[in-house]
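Q:
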Ligand code: F0G
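Numbering (my numbering), first residue to last: 41 to 506.
(1) Should residue 399 be labelled buried (16 or more other beta-carbon atoms within 10 Å of its own) or exposed?
(2) In this structure, how does DSSP classify residue 93 when only helix, strand and coil are distinguished?
(3) Is the region 441-449 touching the region 343-355 in the sense that three or more CB pairs, one from each, lie closer than 8 Å?
(4) Quick check: residue 365 and residue 439, are their CB atoms within less than 8 Å of each other?
(5) Please determine whether the Cβ atom of residue 179 lies at a distance below 7 Å from any heavy atom of the ligand F0G.
(6) Residue range of the beta strand (DSSP E) that residue 86 falls in?
(7) For residue 247, which residues in the same chain have their Cβ closer than 7 Å to its Cβ, ignoring the five residues on either side in sequence?
(8) Check whether the region 242-259 touches the region 466-477, taking contact to mean three or more Cβ pairs, one atom from each stretch, closer than 8 Å.
(9) In this structure, does DSSP put residue 487 in helix, strand or coil?
(10) Which word fits residue 167, buried or exposed, when buried means at least 16 other C-beta atoms lie within 10 angstroms of its C-beta?
(11) Within the region 249-323, note down every full alpha helix (DSSP H) run reaching 4 residues or more, in order along the chain.
(12) Three or more beta-carbon pairs under 8 Å between the region 368-388 and the region 325-333, yes or no?
(13) Over what stretch of residues does the beta strand (DSSP E) that includes residue 392 continue unbroken?
(14) Using the Cα positions of residue 212 and residue 274, report the straight-line distance between them to the nearest angstrom.
(15) If you pair each beta-carbon of the region 272-292 with each one of the region 316-329, do three or more pairs fall below 8 Å?
(16) For a quick check, are the C-beta atoms of residue 253 and residue 229 less than 8 Å apart?
(17) How about residue 229: is its C-beta nearer than 8 Å to some C-beta of chain B?
(18) What are the start and end residues of the alpha helix (DSSP H) that includes residue 118?
(19) Along the beta strand (DSSP E) that carries residue 154, what are the first and last residues, could you check?
(20) Indicate, with yes or no, if the ligand F0G has a heavy atom lying under 7 Å from the CB of residue 415.
(21) Label residue 264 either buried or exposed according to how many other C-beta atoms from any shown protein chain fall within 10 Å of its C-beta, with 16 as the threshold for buried.
(22) For residue 405 and residue 194, I'd like the C-alpha separation in whole angstroms.
(23) To the nearest whole angstrom, what separates the beta carbons of residue 341 and residue 359, a pair I think is in contact under 8 Å?
(24) Less than 7 Å between C-beta atoms, sequence neighbours within five positions excluded: which residues of the same chain meet that for residue 408?
(25) Do you know whose CA, among 428, 280 and 202, lies nearest residue 130's CA?
(26) In the DSSP assignment, what are the bridge partners of residue 444?
(27) DSSP has residue 412 in a bridge; who is on the other side?
(28) Give a single yes or no on whether residue 306 has its beta carbon closer than 7 Å to a heavy atom of the ligand F0G.
(29) Quick check on residue 425: does DSSP put it in helix, strand or coil?
(30) Pick from 202, 297 and 243: whose alpha carbon is nearest that of residue 374?
(31) In this structure, does DSSP put residue 439 in helix, strand or coil?
(32) Is any heavy atom in the ligand F0G found nearer than 7 Å to the beta carbon of residue 199?
(33) Spatial neighbours of residue 115 within its chain, please: C-beta separation below 8 Å, excluding the five flanking residues on both sides.
(34) Could you tell me the distance, in whole angstroms, from the CA atom of residue 138 to the CA atom of residue 145?
(35) Identify, in the order they occur along the chain, each residue of the same chain with its Cβ nearer than 7 Å to the Cβ of residue 325, setting aside the five sequence neighbours on each side.
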């Protein structure tokens with residue numbers, strides 16, 4: 041079991057074990073596919089401070105933790121500059137902190153969203169922008185931990201199945217850690233921006249003639265046959281890193297929990313990770329009450345919505361996924377049980393939104409000067425629904441988790457603004473709403489007159505919009 045070095049008094053390293061989410065079996069090692077050797081279900085990482093273990097709890101007082109985390113912000117050491125490893129007391133302990141593979145991930149902004157607040161009627165609305173991570177998505181926070189443990193375990197190769205962001209992130213961290221990386225992505229179903237990142241970071245990139253679910257199935261078999269370390273979110277080290285989003289968010293909110301946190305759902309690793317962090321913070325006394333964690337999916341990739349509605353969360357209802365929010369085009373989410381658990385434990389909701397609602401929400405977030413990729417915009421679209429259902433009340437505070445950067449999917453944005461995204465006829469009202477949000481590029485003769493006329497027209501139409 042790994043031991044760690046930590047200098048701060050009162051704070052101990054997080055010694056961990058693997059625990060099966062179904063049968064509760066505890067072990068010190070995990071097999072290559074990160075499944076329980078007894079029942080085959082997923083593993084999670086658990087610590088002595090968790091009441092799920094009977095060992096003596098560590099002395100992790102909320103005051104010590106909060107003050108160490110704050111103190112580290114003034115340090116120049118790589119692990120302290122990382123917005124993930126700064127919270128290492130609640131992460132699996134490293135053999136040597138100097139060996140962490142870090143790109144200064146985390147440290148992402150929490151923005152106020154005044155225009156979206158007006159649109160939704162929820163004045164206390166914020167967005168935590170994970171798209172501001174080094175490779176442009178939340179995946180980096182998990183990858184720094186999982187890649188570090190891959191290297192610590194002596195692997196030369198890491199691999200993942202991906203809708204694009206995981207592969208971009210994995211390739212970057214593998215390159216930084218001097219490991220080779222193998223990427224399996226669905227042919228033609230991921231954005232060029234994400235694919236090009238993996239190429240530039242030197243991954244062996246295979247575009248398979250299948251969907252994400254097919255890529256993941258194949259990877260699960262591959263890791264049992266070849267010495268590659270899998271970096272999908274089935275890997276519980278990934279979720280430990282992604283957990284830190286919630287620590288950082290609560291620190292930014294001065295440890296006052298928001299009423300709601302809303303997150304997109306694809307393979308359901310991220311919602312599981314954030315939920316785990318909320319439960320751990322509550323258990324350790326870092327927060328006095330739990331925010332409700334809600335998951336939003338695209339209508340065309342709504343496996344969790346259907347699992348909860350049609351099967352009471354007892355068995356997975358998988359779907360043939362289809363959505364232009366390609367990051368969450370997943371029909372057979374691996375972490376559905378973990379996500380169903382955290383939704384129940386925090387009292388959160390699960391909703392679905394249409395393609396038009398996603399595009400509209402994405403343009404509205406863009407109009408705040410923030411921008412995000414389509415999968416992230418499901419959060420705002422979902423919030424509108426949750427407000428309509430009175431699940432979210434106007435006086436409550438809400439944080440949307442924006443998972444990916446606007447530049448991740450420029451094709452979607454260009455098609456939206458040029459009017460090509462929804463070629464089929466739509467309702468008049470829908471059409472008018474989308475048209476008002478479009479800002480297509482204008483091709484002009486290179487004359488001063490033409491530009492001034494355009495400016496005047498824009499000023500007029502701006503007045504009529506206001
Ligand atoms: N948002 C973005 C931008 C994503 O890339 C993903 C997942 C999600 C949301 C959903 O997160 O899977 O943890 O529920 N992307 C994965 C990938 C599947 O391969 O990049 P999840």
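Even for Gly, the Cβ is constructed at its ideal location relative to N, Cα and C. For clarity, every value in this text was computed on a predicted model and none was experimentally measured.
A: Looking at the atomic coordinates:
(1) By the 10 Å Cβ count, residue 399 comes out buried.
(2) In this predicted model, residue 93 has a pLDDT of only 42, less than 50, meaning its place in the structure is not dependable enough to derive any value.
(3) Flag = no, the region 343-355 and the region 441-449 do not touch.
(4) The beta carbons of residue 365 and residue 439 sit no closer together than 8 Å.
(5) Between the ligand F0G and residue 179, a heavy atom-to-CB distance of less than 7 Å is present.
(6) Where residue 86 is concerned, the enclosing beta strand (DSSP E) stretches over 83-86.
(7) Excluding sequence neighbours, residue 247 sits near 225 and 227.
(8) At 8 Å Cβ cutoff, the stretches do not touch.
(9) Note: residue 487 maps to coil in three-state DSSP.
(10) The residue in question, residue 167, is buried, as its Cβ has 16 or more Cβ neighbours within 10 Å.
(11) Scanning the region 249-323 from its first residue to its last, the whole alpha helix (DSSP H) runs of 4-plus residues come out as 252-265 and 276-292.
(12) Result yes; three or more Cβ-Cβ pairs closer than 8 Å.
(13) In this chain, the beta strand (DSSP E) harbouring residue 392 covers 390-393.
(14) Cα-Cα distance, rounded: 19 Å.
(15) For the pair of segments examined, the region 272-292 was found to touch the region 316-329: the number of CB pairs separated by less than 8 Å reaches three.
(16) Not in contact: residue 253 and residue 229 (Cβ atoms no closer than 8 Å).
(17) This model lacks chain B altogether; it includes just one protein chain.
(18) Counted as a single uninterrupted DSSP element, the alpha helix (DSSP H) harbouring residue 118 occupies residues 118-121.
(19) Taken as a continuous stretch (DSSP letters only), residue 154 belongs to no beta strand (DSSP E), being part of the alpha helix (DSSP H) at 154-160.
(20) In this structure, residue 415 has its CB closer than 7 Å to one or more heavy atoms of the ligand F0G.
(21) Looking at its Cβ environment, which holds fewer than 16 other Cβ atoms inside 10 Å, residue 264 is exposed.
(22) Approximately 43 Å between the Cα atoms of the pair.
(23) Sure, about 7 Å apart at Cβ, within 8 Å.
(24) Cβ neighbours of residue 408 beyond the five flanking positions: 153, 155 and 156.
(25) Comparing Cα positions, the closest option is 280.
(26) Per DSSP, 177.
(27) In the DSSP output, where bridge partners are listed per residue, residue 412 has none listed.
(28) Yes, the Cβ of residue 306 comes within 7 Å of a heavy atom of the ligand F0G.
(29) The answer is helix: DSSP assigns residue 425 an H, G or I state.
(30) Comparing Cα-Cα distances from residue 374 to each of 202, 297 and 243, the minimum goes to 202.
(31) Strand at residue 439.
(32) Every heavy atom of the ligand F0G is 7 Å or more from the Cβ of residue 199, so no.
(33) Same-chain partners within the cutoff: 121.
(34) Looking at the two C-alpha atoms, the distance is approximately 16 Å.
(35) Excluding positions up to five away in sequence, the list reads 102.
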